[in-house]
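Trainee: Under my numbering, the first residue of the sequence shown is numbered 7, with each subsequent residue one higher.
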Amino acid sequence: MEPSPALIKARATAGAQERARLAREIHDGVAQDLAGLGYRLDDLATAPGLSPDERGKIRDIRIALSESINLLRRSIFDLRNSDIDFLDEVRTLLNEIEQEGLEVSVDFNAVEGQLNETTARHLHAIAIEAISNVVHHANATQLEFTFANSSNAFQMTIKDNGNGRVAAKEFSYGLATMTERAELIGATCLVERPASGGTIIKVQARVS
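1) Taking Lys165 as the reference, which of Ala159, Thr152, Asn158, Met184 has the closest Cα?
2) From Glu189 to Glu95, what does the alpha carbon distance come to, in whole angstroms?
3) Is any heavy atom of the ligand PLP found at a distance shorter than 7 Å from the C-beta of Arg187?
4) Does DSSP classify Val110 as helix, strand or coil?
5) Considering only DSSP beta bridges, list what Arg212 is partnered with.
6) Kindly give me the distance between the Cβ atoms of Leu121 and Phe92, rounded to whole angstroms, as I take these residues to be in contact under 8 Å.
7) Return the residue from the list Ile103, Asp39, Thr183 that minimises the CA-CA distance to His128.
8) For Glu135, count neighbouring Cβ atoms within 10 angstroms of its own Cβ and tell me buried if that reaches 16, exposed if not.
9) Mind checking Phe160: buried by the 16 CB within 10 Å criterion, or exposed?
10) Rank His142, Asn115, Arg212 by C-alpha distance to the C-alpha of Gly192 and give the top, closest one.
11) Check the DSSP bridge columns for Val197 and list the partner residues they point to.
12) Determine the closest residue to Glu5 out of Pro58, Phe114, Ala131, with distance taken between C-alpha atoms.
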């Protein structure tokens with residue numbers, strides 16, 4: 007006998023609740039632990055008495071750890087699976103970054119329910135990659151994140167006041183990945199480096 011619509015809905019709701027519970031546990035547990043290790047590595051990298059080679063090795067470990075944290079954040083987002091969570095996750099990350107001393111400006115002008123699951127997932131991954139680049143490699147003191155959408159368009163912008171040339175050289179792979187993800191959702195990923203310094207990343211599209 008086919009399950010009733012009510013039973014199907016109940017099972018789906020229970021599954022969503024369980025995924026949300028797992029996402030919370032991962033975020034509050036291992037994700038926070040890894041973030042704490044990253045901050046300790048940041049402190050260690052600036053400790054006196056280290057040789058350039060030692061600092062370089064610590065930096066390489068920090069980059070690898072950051073990539074693992076980014077992957078974990080994307081997994082948490084996939085478990086939660088909604089377009090509102092995309093912005094919630096970004097806001098949480100930016101709040102954590104601000105507590106570490108980076109000046110953060112946030113402007114969300116989002117309309118609920120206008121992003122499908124695939125678009126939200128890729129925008130989340132692009133945002134995490136771009137923000138990570140700013141924090142760990144751009145030597146920036148300021149970061150601006152804006153997002154706006156409507157029924158037929160969206161635009162996400164990440165702007166910093168760091169060293170754009172350094173970021174472009176060290177993160178060509180990350181920029182390529184962001185561009186590929188943007189193309190998968192019918193968007194463009196534009197990188198601007200104003201003469202005044204810094205980097206601006208814009209992801210935008212019109213939605214049919």
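Ideal Cβ positions, reconstructed from N, Cα and C, are used throughout, including at glycine.
Mentor: Quick answer:
1) When each option's Cα is compared against that of Lys165, the closest is Thr152.
2) 22 Å
3) Ligands in the displayed structure: none, and consequently the ligand PLP is not present.
4) strand
5) Ala159
6) 7 Å
7) Comparing Cα-Cα distances from His128 to each of Ile103, Asp39, Thr183, the minimum goes to Thr183.
8) buried
9) buried
10) Comparing Cα positions, the closest option is Arg212.
11) Ile207
12) The structure shown does not extend to residue 5, since the chain is modelled only from 7 to 214, so the question has no answer here.
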